[in-house]
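The next block holds one structure in the form of structure tokens; read it before the comments.
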Amino acid sequence: MDNLLEIMDKESCSKSEVYLYEEEGRWYAYHHSAKSLKKLSEAALKLKEACPFYSVMLEKVEVDLNKLLNGPWFVALCSDTEIMLIKND
-18 MDNLLEIMDK
-8 ESCSKSEVYL
2 YEEEGRWYAY
12 HHSAKSLKKL
22 SEAALKLKEA
32 CPFYSVMLEK
42 VEVDLNKLLN
52 GPWFVALCSD
62 TEIMLIKND
């Protein structure tokens, strides 16, 4: 998992982008990305955990990557441990 400070930095600057992070073979979305996926896609499977982060609850959802990529999402950036998606309207 990426450093939570890095994740929060990306999430705070995110407008329409959705960031996914690989952890032990599964993909997760945090905070803004998690909320967006829960509203816009059935690929957000479940709330995995809420992480306390400097007295703020950080939402985290597990993502079905195959289901998500079969939907209206464009992969803008990709690495082995991180994916940035943009909704393709």
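Going by this note's numbering, 37 is the number at position 56 of the sequence shown; the sequence numbering is gapless.
Cβ coordinates follow ideal geometry from the N, Cα and C atoms, glycine included.
Just reading off the alpha helix (DSSP H) that residue i is part of, what are its end residues?
| i | result |
| --- | --- |
| N47 | L46 to L50 |
In angstroms, rounded to a whole number, what distance separates the CA positions of residue i and residue j?
| i | j | result |
| --- | --- | --- |
| E63 | W8 | 9 Å |
| V42 | A15 | 6 Å |
| L58 | K(-4) | 15 Å |
| E40 | V56 | 22 Å |
| G52 | E5 | 24 Å |
| D61 | N47 | 16 Å |
| M(-18) | K20 | A caution first: M(-18) carries a pLDDT of 46, below 50, which makes its placement in the model too unreliable to give a value. |
| M(-11) | Y0 | 11 Å |
| M65 | H12 | 14 Å |
Mind listing, in chain order, the continuous beta strand (DSSP E) runs of no fewer than 3 residues lying wholly within the stretch -10 to 31?
Listed in chain order, they are -2 to 4 and 7 to 11.
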